[in-house]
Structures are given as C-alpha cells and as structure tokens.
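Take a look at the structure set out below.
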Amino acid sequence: LGMFQWQYTPTFRGFQSFYGYYSGGEDYYTHMNAGMYDFRNDVGVNCGANCSQVEIEAYESYSAPLFSQRAVEIIANHASNADTRDEPLFLYLAYQSVHASNNRS
C-alpha cells in the first residue's frame, strides 16, 4: 500500500474504505510528514482523485483515538445494516503508537 499512484492506495487494492496516512509515517498529532499534511478519509472502492478526502478535522488530534473511533463506526454500521450484519467483516486496524516516539512533551 502506498501513495505513488492511486492504484497503489488501499481502496484500489481490495479495501472498501481507508482512514489514515499514505506515507510511511507521520506526526501523531499534526499528521505532518516532510512538511506535508497526510491524513485521508477514502470511502468507496477505487476511491481516488475525485473521491479521497483530506481529513482536516484530524489536525492536532492524537491518532490512536481517531483510528479507534473510526473502527467503532465501521463495526456499528456493519452490525446494524440488514445487508451486511450476517456477513463477515474484515477490519485492518494498525495503530502507529507502537512505533518510534513522537518526541512531544
């Protein structure tokens, strides 16, 4: 998964949605990497240039609760939707918190 071209982003590679950053890492609060803001909300298969949304509201919010809330929303929507509640759900949730320190005081 990556950001080199749209076809390498998650919704072009089998995921129905994506919430997070395309780069290899980012600041846990500002979601900046190399001077660029990198936090996306992609909903829909093949969500690319005309679909991918920059998640501005996430700025200065710690990433772990953002990812957790999004996971809870996906699970709740799946469970309450008559078309999907009896179907299996695959949810990949990878917190960045287990990696290197964010060096914030």
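Residue numbers (the working numbering): 319 to 423.
A virtual CB, placed ideally from N, CA and C, is assigned to each residue, including glycine.
Since the model is a prediction, treat every value here as computed from it, not as a measurement.
Distance between arginine 358 and proline 406, taken at the CA atoms: about 25 Å.
When C-beta atoms of the stretch 377 to 391 are compared with those of the stretch 339 to 350, three or more pairs fall below 8 Å, so the two segments count as touching.
In its chain, beyond the 5 residues on either side, Glu344 and Asp356 have a beta carbon closer than 8 Å to the beta carbon of methionine 350. In terms of Cα proximity to tyrosine 377, the closest of Met354, Thr329 and Ser386 is Met354.
In this structure, the alpha-carbon of alanine 367 lies about 20 Å from that of glycine 342.
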